[in-house]
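Residue numbers for the sequence shown follow my numbering, beginning at 28 and rising by one. Heads up, the thing below is written out as structure tokens.
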Amino acid sequence: MHISNPFTVLNQQTKNYIHILHMLYGLTPNSLRCFMAASSLVFRLHDRGPELVREVLLERGWEEYDGGEREEKDWNLYWRGSAFRSSEYHNLLPWQRLNHHPKTIGITRKDFLARNLGRMRATCGSSLYDFSPNAFILPNDYTRFLAEYKKLHAASGSSVFWICKPVDLSRGRGIFIFEDIKDLVYDCSVIVQRYVSDPLLISGYKFDLRIYVCVKSFHPLTVYVHQEGLVRFATEKYNLSSLHNLYAHLTNTSINKLGPFYKTQKERVGRGCKWTLSKFRHFLHSQHVDERLLWQRINNIVTLTLLTIAPSVPSCPNCVELFGFDILIDANFKPWLLEVNYSPALTLDCQADITVKKGLVSDLIDLMNYTPVDGLRERAYQNHKCKNSCTLHKSALQEPLLQRTTGNIQSSQTRMLPPLKPLHHSKNVNQRQSRQDAFGTNYHRRLPPVDLNRSKVFTTTAANRTHTDKTLNLIFDPQSRTNESVVNRHLRPGLVPWLRDNRSLHVSEVSNPDSSETEAEGKLSGESDVCSRKPEIAQRTTGFRRSAVSWKLPNIYSGSHASTATTPPSDVTTITTGQRIPPLRVGDFIRTFPFNRASLKASQHKLDVKSVIHELQKTTARLISAQSDKTKNRREEEEEEERRTTESDHEEEFDSLFWGPTDPPFISQSR
Ligand code: ADP
């Protein structure tokens with residue numbers, strides 16, 4: 028459904044908002060209507076894709092940029108699959124956002140990633156950076172590879188396998204696996220990597236995880252991991268004696284959907300080749316696998332990988348980046364980083380894709396933190412040009428701008444865009460920048476002081492919403508925008524209707540869903556007829572019992588706080604010792620960095636990589652020690668962990684889901 032004009036139907040709630048604005052700011056209902064109606068956010072898609080982004084944004088009431096009708100700068104979001112030019116970063120205006128940070132190729136190209144991880148191994152220790160299989164960039168590293176190959180083959184009683192991948196291809200193209208160096212043939216730059224030959228299997232099928240990571244900011248480093256993701260299966264049973272069978276060894280959808288067994292009902296895996304991460308977690312739960320350490324390790328991988336480039340990425344506050352981390356889990360439950368994808372695919376091949384990616388894109392938009400003022404674009408900066416009935420009362424327009432830039436709360440969407448540090452300014456760029464700076468100065472100057480208490484989120488119940496003067500903040504205040512986002516999106520407080528995320532639409536509204544390739548129907552009950560190969564997950568129960576409890580899993584990130592769904596978010600405006608703590612949760616995005624006060628401090632000015640690593644190690648060690656004591660029951664462990672955390676770090680005020688809700692609602696409850 029495309030909401031083209033939010034004022035076509037005014038419901039009672041909308042009328043209430045207008046009434047409140049009228050009372051407080053002297054806005055006439057008509058002027059407010061015109062103001063809001065004229066302020067749709069506008070998106071621009073490069074090469075008309077991805078279609079899912081268009082669909083989600085249109086559902087949310089955005090308009091698509093049309094170069095014939097709009098001015099060049101009249102847009103709020105520019106989405107590209109490929110990289111932006113540096114001039115596009117330089118010329119970015121305050122109301123605009125881009126979906127890429129500059130210079131992230133250091134982790135998204137296979138050879139650069141291998142080199143950067145190698146560098147970190149050398150400086151921080153190989154045990155810390157042992158989460159990526161050893162890799163060699165050929166032809167340059169051929170001699171080193173040969174030496175390693177000979178050493179391993181001489182030392183190892185069992186076979187050693189390798190995988191060869193072209194450095195700049197994706198979707199499994201050009202990949203092959205070999206055991207004997209005689210089979211290594213390449214005609215372009217490749218990486219040769221140790222093949223993880225003992226993957227965890229489900230019913231004999233190999234799989235890997237696609238974890239979606241959003242870097243909201245590199246300066247300070249602010250990272251969110253989406254709780255929902257994909258599990259991608261190979262479609263033929265794993266077998267080391269047929270290395271050439273890509274349907275058994277590669278988990279890329281683009282490969283497996285062409286395989287002969289893609290549509291076949293496969294033992295436990297079902298049809299197709301994807302599960303949602305939720306389904307995988309249910310699977311782990313049914314096997315009594317304690318997933319906490321696994322997720323902590325995966326989050327560590329994400330953080331440690333980002334640390335390899337974070338200090339060198341230029342600061343660009345109006346950019347976000349969505350990465351796809353591919354993680355393989357081995358038979359010992361050790362997660363391995365295979366690669367980091369730039370612009371992870373947002374195509375919808377099956378039901379799991381629809382479930383995961385629609386929510387993902389919507390949450391990503393929430394993380395971008397747009398406000399109605401952004402919808403005015405240049406008009407927000409030409410207050411004298413707004414005329415007649417469409418003129419917003421001056422004080423009303425100034426108020427939100429004020430809240431954005433004053434007080435201790437310096438929004439990450441600050442109006443003045445700092446220049447990209449390492450890049451040189453051309454004359455034009457300088458002119459543009461000085462215009463921005465001048466604008467920013469005016470912006471600050473016009474604004475009266477703000478009462479920070481007013482920006483707290485108001486309480487609401489589903490049955491009876493009470494609107495107070497704080498309602499205004501919900502509409503205009505960027506902090507309140509974030510506040511509402513922190514709450515699980517299924518239980519959001521009342522946004523003005525045209526800003527509300529319309530996420531309850533049915534699957535049938537998504538274009539191109541292939542019903543024949545829907546996610547496996549989760550036959551988790553029944554007998555265990557599973558193939559019991561060694562690397563496969565051990566059968567700890569008789570089959571996959573689907574008990575009522577098993578469907579209510581704890582949050583991936585467990586800890587000691589209260590549920591986020593029913594309590595107002597506490598951390599958005601938390602400013603302790605002068606530091607602003609980013610929202611804990613935005614939709615299903617969970618903040619994983621900063622994860623405690625020390626990591627927050629270490630990332631504030633110049634990123635202190637050593638301190639961050641130290642904190643990560645401490646955290647993981649704590650979790651491992653809690654887990655190794657098998658005699659304690661889980662409650663005792665949590666109490667102990669909580670006690671140690673409080674005693675050792677005095678972090679009781681820092682909200683992080685690693686130490687977060689004990690039992691928050693499970694993600695995707697309503698999906
Ligand atoms: P691409 O960018 O072409 O998808 P990947 O590095 O993601 O390249 O590799 C494709 C697939 O090959 C992975 O999804 C995984 O199934 C398999 N794979 C890649 N590297 C390894 C490895 N070191 N060990 C085991 N399997 C691997």
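No residue lacks a Cβ here, since even glycine has one placed at the ideal position from N, Cα and C.
- If one requires a minimum length of 4 residues, the alpha helix (DSSP H) runs lying completely within the region 150-202 are 169-182, in chain order.
- Short note on T278: C-beta closer than 7 Å to some heavy atom of the ligand ADP.
- Contact between W106 and H73 is confirmed by a C-beta separation of about 7 Å, below the 8 Å threshold.
- Residue state for S244 is assigned as strand, using DSSP reduced to three classes.
- About 5 Å separates the beta carbon of D235 from that of L355, a gap short enough to meet the 8 Å contact definition.
- Here the alpha carbon of P610 sits roughly 20 Å from the alpha carbon of A337.
- Taken in chain order, the unbroken stretches of beta strand (DSSP E) that lie wholly in the region 306-364 and span 3 residues or more are 348-356.
- Between the region 397-409 and the region 330-349, the count of Cβ pairs shorter than 8 Å is below three; the stretches do not touch.
- Counting along the chain, the unbroken beta strand (DSSP E) around Q220 starts and ends at 217-221.
- Nearest Cα to R607 within the set P247, R87, Y222: P247.
- At least one heavy atom of the ligand ADP sits closer than 7 Å to the Cβ of L355.
- For K384, the enclosing alpha helix (DSSP H) has its first and last residue at 378-394.
- C-alpha of K130 to C-alpha of S342: approximately 10 Å in a straight line.
- By alpha-carbon distance to I202, the top candidate from C151, N272, L634, G95 is N272.
- Shown here for S630: same chain residues with a beta carbon closer than 6 Å to its own, the five before and five after excluded, namely P247, L248, P621 in chain order.
- Contact check for V83 against S370 fails: the beta carbons are separated by 8 Å or more.
- The C-beta of H117 has 16 or more other C-beta atoms within 10 Å across all chains shown, which makes the residue buried.
- According to the DSSP assignment, K628 belongs to the alpha helix (DSSP H) that extends over 624-629.
- For T280, DSSP records no beta bridge to any residue.
- A625 sits close to S638, with the two beta carbons spaced by under 8 Å.
- Straight across, the Cα-Cα distance linking L304 with R612 is about 18 Å.
- A261 is a Cβ neighbour of Y232, given a cutoff of 8 Å.
- Contact check for E206 against L165 fails: the beta carbons are separated by 8 Å or more.
- Non-local C-beta neighbours of L364 in its own chain, meaning closer than 7 Å and more than five positions away in sequence, comprise F158, S159, I328, T332, F352, I354, ordered along the chain.
- Proximity of the region 146-153 to the region 174-183 falls short of the contact definition, fewer than three beta-carbon pairs being nearer than 8 Å.
- Membership of V83 in the alpha helix (DSSP H) is indicated by the continuous run 78-86.
- According to the DSSP assignment, Y105 belongs to the beta strand (DSSP E) that extends over 104-106.
- Ranked by Cα distance from R324, the first of H312, K361, K301 is K361.
- Excluding the 5 residues flanking it on each side, P193 has same chain C-beta neighbours closer than 6 Å at G201, C215, V217, in chain order.
- Annotated three-state conformation of I608 is coil, per DSSP.
- For R237, the secondary structure class from DSSP, reduced to helix, strand or coil, is strand.
- Here F260 carries a strand assignment [DSSP, helix/strand/coil].
- Less than 8 Å separates the beta-carbon of A379 from that of W302.
- DSSP places E405 within a helical segment (H, G or I) once states are collapsed to three.
- Minimum Cα-Cα distance from L140 among the listed residues L228, F163, K209, E318 corresponds to F163.
- Under the three-state reduction of DSSP, R97 is assigned to coil, being neither helix nor strand.
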